[in-house]
Amino acid sequence: MPNTKSAIKRARQSEKHAEHNKAQRSKLRTAIKRTMGATDAETAEQAFRETSALLDRFANRNLVHRNKAARKKSQLAKHVAALRGEG
3 MPNTKSAIKR ARQSEKHAEH NKAQRSKLRT AIKRTMGATD AETAEQAFRE
53 TSALLDRFAN RNLVHRNKAA RKKSQLAKHV AALRGEG
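Okay, so the sequence shown: first residue is 3 according to my numbering, each after it adds one.
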């Protein structure tokens with residue numbers, strides 16, 4: 003249990019930030035599932051653009067590691083290309 007006033011505030015902020023970050027990562031996982039679950043190329047392309055932007059934004063904010071973001075973008079691009087008939 004924190005003893006000082008500043009430690010109490012830091013614990014409160016930390017809890018608040020953790021909750022926000024958790025929601026953001028959940029949003030990202032949902033976007034990834036939407037892209038992977040798309041059955042036609044046009045829907046997949048649109049979902050990929052949105053998910054790609056989220057991945058870049060969250061990598062910048064250190065919510066996900068930049069290498070993980072790059073890896074996921076690559077996997078999603080490969081999936082979308084396969085739906086288009088390029089892969």
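Idealized CB from N, CA, C, for every residue including glycine.
Using the beta-carbon count (16 or more within 10 Å), is residue i buried or exposed?
i, result
"residue 6", "exposed"
"residue 80", "exposed"
How long is the line joining the alpha carbons of residue i and residue j, rounded to whole angstroms?
i, j, result
"residue 21", "residue 48", "28 Å"
"residue 43", "residue 15", "43 Å"
"residue 10", "residue 17", "11 Å"
"residue 63", "residue 30", "13 Å"
"residue 87", "residue 32", "25 Å"
"residue 54", "residue 19", "23 Å"
Return yes when the Cβ of residue j is within less than 8 Å of the Cβ of residue i, no when it is not.
i, j, result
"residue 78", "residue 37", "yes"
"residue 56", "residue 27", "no"
**Prompt:** Could you give the uninterrupted runs of the alpha helix (DSSP H) lying entirely in the region 22-86, keeping only those of 4 residues or more?
**Reply:** Runs of the alpha helix (DSSP H) spanning 4 or more residues and lying entirely within the region 22-86 occur at 43-62, 68-86, in chain order.
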